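Peer 1: I'd like to ask you about the structure that follows.
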Amino acid sequence: MSRSAAGTPATPPASAAPPSPARTSPEHATMTDTAPVWTAAWDRPAGEERARALFAATFGSAPDGVWSAPGRVNLIGEHTDYNAGLALPVALPHRTYAAVARRDDDLVRLVSAQEPAGAREVRLAHAVPGAVTGWAAYVVGVAWALREAGHDVGGFDVAIDSCVPFGAGLSSSAALEASVAVALDAVHDLGLAGGVDADGAARDDAGRARVAELCVRAENEMAGAPTGGMDQAASLRARAGHALLLDCRDGGVRHVPFDLAAHGLALLVVDTRAEHSHVDGEYAQRRAACEDAARRLGVASLREVADAAEGTDAALAALATAADGDVLVRRVRHVTSEISRVRAFVEALDAGDVAAVGPLMDASHASLRDDYEVSCRELDVAVEAALDAGALGARMTGGGFGGSAIALVRDADVDAVAAAVAAAFDARDLAAPAFAVAVAGPPAA
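With our numbering applied, the sequence shown corresponds to residues 261 to 705, in that order.
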């Protein structure tokens, strides 16, 4: 967070931005470009200044401060969060910036650089589920959830700017919620989220866990999106230079060192430009199928099946006899096997055998494509092209049905793999993808 005009937050590592001046940025790309398009993260002072300038231009005054929160990329553990499973996200250097000023009434005035419609106004007294639509539901929803939890939150003005790609499966919505949440925590002196220390770690993880739960409620109830909570935890509870091993059953976390550069590797993110949304029904259908399977098996969640001493075979056999058994078997098989892959991934990182995670990524994608059926043509093309170009592993990331893929590549091969993926998209007349190199950044502050 920056309360001053200049701001003094740490600048993200150099690897967060495209290292070569020859790389094409999205604003300079054309429909005929086949060279890879790169989406750079803003450095923190620049991002803060953008939000501050938008605030001043819109509201005619200075904000009380600027807060920001990262998007996330999930290394492995997809569609496990709402099954009380395990997930392993990292916070991206790409962040959403919220310039906020407290008001003395219950009016919320909000504007976003990413929304051409201009400023909106909402009275908190009228802010109930279903009454606020669009991106404003995520912002106002955070204030609503805090008030529902008994916190004294009044009106505020907020200006949003973001370099987290929208609709890319990189948790732009969670970054929006988390940036607003830490801002409201600060301007209303709630004492929930705490700060971030010099090592990029949150000082009060327990408080941030509570804030993450409220952000989940905001997205579930106000925005109508059935998120499971991994995204909000990653944005609020991550640590720079680490992956976040999140136990979605009890909310426990462990920070796992994640320094690919030390191993001569990099994590390439491919935004396929096939926009995804959690509000379109497919995500909710997958969640409902898992909950139905758990009920039929007599367990609280599919995590219990994954942890059972006898394994998943008995559960799958029991489900196979149902009329819709084929679908339920495949859904359960993905969830239970994905939880096992998260454990194996962490074991490899702990052992320093980073290259060993590649096959786990491949298996995860195959499971998401075939058993969970949440991949799409663009994601499959990205994964296959990256592997053909020498990636050590690749998979879709996020909820699916579009969004992004990730590939573990040798540092020296980043540009070549990106070029191969871009060429594969061009050969199939698909919209040009955008690329980023992910490094594990700090949490919301």
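Glycine is no exception: its CB is placed at the ideal position from the N, C-alpha and C atoms.
For clarity, every value in this text was computed on a predicted model and none was experimentally measured.
In the structure shown, what three-state DSSP assignment does Val-669 receive?
Peer 2: Residue state, collapsed to three classes: strand.
Peer 1: Check whether the region 615-635 and the region 314-332 touch, using three or more Cβ-Cβ pairs below 8 Å as the test.
Peer 2: no
Peer 1: Suppose you measure from the CA of Ile-336 to the CA of Trp-404; what does that come to, to the nearest Å?
Peer 2: Straight-line spacing of the CA atoms in Ile-336 and Trp-404 works out to 32 Å.
Peer 1: Would you check if the distance between the CB atom of Val-565 and the CB atom of Leu-348 is smaller than 8 Å?
Peer 2: With contacts defined by Cβ atoms closer than 8 Å, Val-565 and Leu-348 do not form a contacting pair.
Peer 1: Compare the Cα-Cα distances from Val-418 to each of Leu-444, Ala-434, Phe-426 and His-411 and report the closest residue.
Peer 2: The residue from Leu-444, Ala-434, Phe-426 and His-411 with its alpha-carbon nearest to that of Val-418 is Leu-444.
Peer 1: For Tyr-632, which three-state DSSP category applies?
Peer 2: Tyr-632 carries a coil assignment under DSSP once its states are collapsed to helix, strand and coil.
Peer 1: Have a look at the DSSP bridge pairing and note the partners of Arg-332.
Peer 2: Ala-351
Peer 1: Assuming Ala-678 contacts Pro-296 (C-beta within less than 8 Å), just tell me the rounded distance between them.
Peer 2: 4 Å
Peer 1: For my contact list, Cys-423 and Trp-302 are in at a C-beta cut-off of 8 Å; report their separation, rounded to the angstrom.
Peer 2: 5 Å
Peer 1: Buried or exposed: which applies to Arg-783, given that a residue is buried once 16 or more other Cβ atoms fall within 10 Å of its Cβ?
Peer 2: Nothing can be reported for residue 783: it is not among the residues displayed for the chain, which extend from 261 to 705.
Peer 1: Let's see if you can read the secondary structure: which residues bound the alpha helix (DSSP H) around Glu-638?
Peer 2: 637-648
Peer 1: Checking the sheet assignment: what are the DSSP bridge partners for His-502?
Peer 2: The bridge partners DSSP lists for His-502 are Pro-517.
Peer 1: In whole angstroms, what is the alpha-carbon distance linking Ala-623 and Ala-683?
Peer 2: 24 Å
Peer 1: Looking only at its own chain, which residues have a Cβ that is under 7 Å from the Cβ of Val-674, when we skip the five neighbours before and after it?
Peer 2: Ala-526, Leu-528 and Val-697
Peer 1: Helix, strand or coil for Pro-272? Go by DSSP, reduced to three states.
Peer 2: Residue placement at Pro-272 cannot be trusted, given a pLDDT of 33 that sits under 50; what the coordinates show is reported in the next sentence. Coil, per DSSP.
Peer 1: Have a look at Phe-695 and Asp-507 and give me their C-alpha separation to the nearest angstrom.
Peer 2: 29 Å
Peer 1: Once you ignore the five residues that flank Thr-294 on each side, which residues in its own chain have a CB closer than 7 Å to its CB?
Peer 2: Closer than 7 Å at Cβ, skipping near neighbours: Ala-682, Ala-683 and Asp-686.
Peer 1: Please check if any C-beta of chain B sits within less than 8 Å of the C-beta of Ala-387.
Peer 2: Here chain B cannot be found, since the structure has a single protein chain.
Peer 1: Along the chain, where does the alpha helix (DSSP H) that runs through Phe-426 open and close?
Peer 2: No alpha helix (DSSP H) holds Phe-426; DSSP gives it neither H nor E.
Peer 1: Quick check: the region 328-335 against the region 421-441, are there 3 or more CB pairs under 8 Å?
Peer 2: yes
Peer 1: Alpha carbon to alpha carbon, how far is Val-326 from Asp-364? Give it in angstroms, no decimals.
Peer 2: 19 Å
Peer 1: Nearest to Asp-631 by CA position, among Val-589, Met-482, Asp-552 and Val-360, is which residue?
Peer 2: Val-589
Peer 1: Rounded to whole angstroms, what's the CA-CA distance from Gly-455 to Leu-668? Just pull it up for me.
Peer 2: 32 Å
Peer 1: Classify Arg-369 as helix, strand or coil using the three-state DSSP reduction.
Peer 2: Three-state result, Arg-369: strand.
Peer 1: For the beta strand (DSSP E) that Glu-570 lies in, which residues bound it at each end?
Peer 2: For Glu-570, there is no enclosing beta strand (DSSP E), since its DSSP letter is neither H nor E.
Peer 1: Near Ala-266, what residues of its chain come up, given a Cβ to Cβ distance below 6 Å and the 5 sequence neighbours on each side ignored?
Peer 2: Unreliable positioning characterises Ala-266 in this predicted model, as indicated by a pLDDT of 30, which lies under 50. The coordinate reading is nonetheless provided below. Closer than 6 Å at the Cβ level, and outside the excluded window around Ala-266, lies no residue.
Peer 1: Which whole-angstrom value describes the C-beta separation of Tyr-690 and Ala-665, a residue pair presumed to lie in contact below a C-beta threshold of 8 Å?
Peer 2: Residue 690 is actually Leu in this sequence, not Tyr. Actually they do not touch by this definition, with Cβ atoms about 13 Å apart.
Peer 1: Please classify Ser-321: does DSSP put it in a helix, a strand, or coil?
Peer 2: If DSSP states are grouped into helix, strand and coil, Ser-321 belongs with coil.
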